[in-house]
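Participant:
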Amino acid sequence: MTRPGRLIEYGVAAVFVCAALAVSPQGIALATGRADLSFRVTVISLAFVVFLLIIAFAAATQGRLRRATFYAAALAFPFVLLAGLEAGAVAVRLADVVAPLEDTSTLANQKPWPKHLLSETSYYTTPEGLVLYHPWRNGDISFNALGLRTAMPSPKQPGEWRVAVSGGSAAWGWRVIDADTIAVVLQGLLRRGGHGNVTVYNFGIGGATLKRELALLQHFRALYEIDQVLFYTGANDVFSAYMSATNSRYGPWVGTTVSFELMKTLVRLQAVATAPAPATLQWLDDAVLPAAIKENTLRAGIAATDAYCREAKLVCDFALQPMMFDRPVHPGAEARMAATLARIYPRMDVLARQMYRDAVASGPPGRVFDLSDTFQQAAQPLFLDTVHLNEAGNRIVAERIAPIVTAHVP
1 MTRPGRLIEY GVAAVFVCAA LAVSPQGIAL ATGRADLSFR VTVISLAFVV FLLIIAFAAA
61 TQGRLRRATF YAAALAFPFV LLAGLEAGAV AVRLADVVAP LEDTSTLANQ KPWPKHLLSE
121 TSYYTTPEGL VLYHPWRNGD ISFNALGLRT AMPSPKQPGE WRVAVSGGSA AWGWRVIDAD
181 TIAVVLQGLL RRGGHGNVTV YNFGIGGATL KRELALLQHF RALYEIDQVL FYTGANDVFS
241 AYMSATNSRY GPWVGTTVSF ELMKTLVRLQ AVATAPAPAT LQWLDDAVLP AAIKENTLRA
301 GIAATDAYCR EAKLVCDFAL QPMMFDRPVH PGAEARMAAT LARIYPRMDV LARQMYRDAV
361 ASGPPGRVFD LSDTFQQAAQ PLFLDTVHLN EAGNRIVAER IAPIVTAHVP
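Quick note: the sequence shown uses the numbering used here, first residue 1, plus one each step.
(1) In three-state terms, what does DSSP make of R192?
(2) Kindly indicate which residue of D237, G194 and Q110 has the alpha-carbon position closest to the one of D358.
(3) What residues match up with Q228 in a beta bridge as DSSP calls it?
(4) Could you tell me which residues DSSP pairs with T199 in its beta bridges?
(5) Kindly list the residues whose CB is nearer than 6 Å to the CB of Q354, restricted to its own chain and excluding five residues on each side of it in sequence; keep chain order.
(6) On the three-state DSSP scale, how would you describe W136?
(7) Assuming contact is defined by CB atoms lying nearer than 8 Å, are L214 and T305 in contact in what I supplied?
(8) Please list, in chain order, all residues of the same chain as L21 whose beta carbon is under 6 Å from its beta carbon, the five residues on each side excluded.
(9) Helix, strand or coil: how does DSSP classify S119 here?
(10) What separation, rounded to the nearest whole angstrom, lies between the Cα atoms of R299 and G363?
(11) Check whether the Cβ atoms of Q228 and W172 lie closer than 8 Å to each other.
(12) On the CB-based measure, 16 or more other CB atoms within 10 Å of its CB, does S154 come out buried or exposed?
(13) In the DSSP assignment, the alpha helix (DSSP H) including E142 goes from what residue to what residue?
(14) Does A91 pass the burial test, meaning 16 or more other C-beta atoms within 10 Å, or should it be called exposed?
(15) Across which residues does DSSP place T181 in a beta bridge pair?
(16) Measuring alpha carbon to alpha carbon, tell me which of S119, G207 and L189 ends up nearest G33.
(17) Assuming A95 and V272 make a contact with CB atoms under 8 Å, what is their CB distance in whole Å?
(18) Going along the chain, which residues of its own chain have a beta-carbon closer than 6 Å to the beta-carbon of A58, five neighbours each way excluded?
(19) Anyone know if the C-beta pair for A303 and I404 falls short of 8 Å?
(20) Helix, strand or coil: which one does DSSP assign to L53?
(21) For T125, count neighbouring Cβ atoms within 10 angstroms of its own Cβ and tell me buried if that reaches 16, exposed if not.
(22) What span of residues does the alpha helix (DSSP H) with F70 cover, start to end?
(23) Which residues in the same chain have their Cβ closer than 7 Å to the Cβ of S24, if we skip the five residues on either side of it in sequence?
(24) The beta strand (DSSP E) with V368 in it runs from where to where?
(25) Helix, strand or coil: how does DSSP classify L214 here?
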């Protein structure tokens, strides 16, 4: 017969086992509805699971086995403590507190961004390599059955002129509701300006480079009967060129380790505390930038896209999107973000300007527009990070590109 004391110990062990199940990756996925937990969350979760199961085993055993288990718990405790510190750092977004690269406080709509859109389960990749979104609707944000954040195609009306705004997550509308995306704001401006025959569709896809934008256009052009395309583009090609070149120096492990909030905080602390080493700047100037300019995927993408547009008899323009470092003065929180950006990614601004100049010079005459100076006269904070804009920023961009679009509207 089991002694009452042992029943209590078994009960304690059961409690710890239940706690381990609750904080396991499966338990977190069930509680949050997110099936695709990040590597960071999985590591933190498993650290707690192992520690809790060790304690549960210790509670259920006796004698030497219990003592050995407590030794194992003592050895595991530093890792659990580190996992707890990491979880706390994530909760307060410690890296952005220390040296911010993102600030969403200037958004007019302060509703929390849907967790679904932070999950990799929100999108999928087709066999052809297209990234599309699963159909989804949540109040002011929706994705249609085709995987786009826009209306479904409908029969074209006589005299109707259809425009697609293509781009990455800035065109797609990161952190803003549908009504505040560039495409929707642009359509409102055009119709109020006397162009009631114009319909604007949002062909933006998060993370898309111009090469991927072209693939998306080729897939949906006929279905939507598109007449004109405005490519709001450039930043993702710049980021891709910079990251590919600089990460090759340090190895692929850098991207994984810096995804941990504590490591990210340490990297940013080091960056803001000390200026980039002269040797690093020399390497960027002598090796990274020249190689990226020589390849210049933006230039190549514009050439390929322009060739397709001419063949398909599409009116296509390229608006090279502004980035935070293009502003002469950074109001409010932008000042700290710009300072962090310059230290974390030195010379990225130089690379962007060179890639843009090259793209304008080599692109189809009168079709490539550098929007870097779009916010020269604006006094309010507009950037949420390096490239994404708040509602006011999207409106200014829509006002800037409206004349580019209307120049071709019949």
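Each residue gets a CB set at the ideal place from its N, CA and C atoms; glycine is no exception. Since this is a predicted model, take the numbers as computed values, not measurements.
Facilitator: Taking the definition as stated:
(1) Three-state result, R192: helix.
(2) Closest by alpha carbon: D237.
(3) In the DSSP output, where bridge partners are listed per residue, Q228 has V163 and V315.
(4) Paired residue(s): R162.
(5) In chain order, I293 place their CB closer than 6 Å to the CB of Q354, counting only its own chain and leaving out the 5 sequence neighbours on each side.
(6) Residue state, collapsed to three classes: strand.
(7) A distance below 8 Å separates the beta carbons of L214 and T305.
(8) Only residues of its own chain outside the window of five on either side were considered, and among them G27 have a CB closer than 6 Å to the CB of L21, listed in chain order.
(9) Coil.
(10) R299 and G363 have their C-alpha atoms roughly 7 Å apart.
(11) The answer is no: Cβ separation not under 8 Å.
(12) In the assembly as shown, S154 is an exposed residue. Its beta-carbon has fewer than 16 other beta-carbons within 10 Å.
(13) A small correction: the amino acid at residue 142 is Ser; Glu does not occupy that position in the sequence shown. Membership of S142 in any alpha helix (DSSP H) is not indicated; the residue belongs instead to the beta strand (DSSP E) covering I141 to F143.
(14) Within a 10 Å sphere around the beta-carbon of A91 sit fewer than 16 other beta-carbons, which makes this residue exposed.
(15) Under the DSSP definition of a beta bridge, T181 lacks any partner.
(16) Selected option, being the one with the closest Cα: S119.
(17) Not really, about 11 Å apart at Cβ, beyond 8 Å.
(18) So the list reads R66, T69 and F70, once near-sequence residues are dropped.
(19) Against a cut-off of 8 Å, the Cβ pair of I404 and A303 comes out as no contact.
(20) Of the three classes helix, strand and coil, the one that applies to L53 here is helix, per DSSP.
(21) Taking all protein chains shown into account, T125 has fewer than 16 neighbouring C-beta atoms within 10 Å of its C-beta and is therefore exposed.
(22) Where F70 is concerned, the enclosing alpha helix (DSSP H) starts and stops at G63 to V92.
(23) Listed in chain order, the non-local C-beta contacts of S24 below 7 Å within the same chain comprise S45 and V49, local neighbours out to five positions each way being set aside.
(24) From DSSP, the beta strand (DSSP E) with V368 extends over V368 to D370.
(25) Helix at L214.
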